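Participant: The structure's right below; bear with me while I get my questions together.
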Amino acid sequence: YVCVSFAGNICRSPIAEAVFRKMASDNGVVDQWVIDSGAVSDWNVGCSPDARALDCLRKHGNETSHRARQITKDDFVKFDYILCMDESNLRDLTRKAKQVQNCNAKIELLGSFDPQKQLIIEDPYYVSFHKIILWS
1 YVCVSFAGNI CRSPIAEAVF RKMASDNGVV DQWVIDSGAV SDWNVGCSPD ARALDCLRKH
61 GNETSHRARQ ITKDDFVKFD YILCMDESNL RDLTRKAKQV QNCNAKIELL GSFDPQKQLI
121 IEDPYYVSFH KIILWS
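Per full-length UniProt numbering, the sequence shown starts with residue 1, numbered consecutively.
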């Protein structure tokens, strides 16, 4: 079980969720995974991903019907991994995890799995969405 997280859940995390789902589907193992994304904050709960994120996904042959949601205490029990994009999210999620009994989730930076070792995945909201690395 994998959940990808970012502050608002409208840019990086729904892109990462969609890419992860497509990779699992392309490799015939999507039914072996629970893949989701969620926000550290409640700013955008219920919103679709940013239009630029959707455009970026389409340009790479991908799509999503995701609606932003906030990470819950249950997520820390349900998911094996909660992967985040930067140190700020890592700090916030680690702090929240300490408040959850029976926390199962390992909280790590998604970039720690990048073969090119780009540890931090920059927020494209204020810059270019085309700088997002889509592993495929």
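Backbone N, C-alpha and C fix where the C-beta goes; we use that ideal spot for every residue, glycine too.
The model shown is predicted, which means the values in this text are computed figures rather than measured ones.
Excluding five sequence neighbours on each side, which residues of the same chain lie with their C-beta closer than 8 angstroms to the C-beta of L110?
Facilitator: Closer than 8 angstroms at the Cβ level, and outside the excluded window around L110, lie V4, A16, L83, C84, M85 and I121.
Participant: Could you tell me whether the Cβ atoms of V100 and F76 are closer together than 8 angstroms?
Facilitator: Cβ atoms of V100 and F76: closer than 8 angstroms.
Participant: CB-CB under 8 angstroms to L93, same chain, minus the five flanking residues each way: which ones, in chain order?
Facilitator: Excluding residues within five positions, the ones whose Cβ falls inside 8 angstroms are S5, V40, I71, I82, C84 and I107.
Participant: Following the continuous alpha helix (DSSP H) through L54, name the residue where it begins and the one where it ends.
Facilitator: Per DSSP, L54 belongs to the alpha helix (DSSP H) from A51 to K59.
Participant: Identify the continuous beta strand (DSSP E) that holds K96 and give its terminal residues.
Facilitator: Careful: K96 lies outside any beta strand (DSSP E), inside the alpha helix (DSSP H) at E87 to A97.
Participant: Assign F79 to buried or exposed, taking buried as 16 or more other Cβ atoms, counted over all protein chains shown, within 10 Å of its Cβ.
Facilitator: So F79 counts as buried.
Participant: Relative to the C-alpha of D74, which candidate in L90, C56 and N102 has its C-alpha closest?
Facilitator: Cα-wise, what sits closest to D74 is N102.
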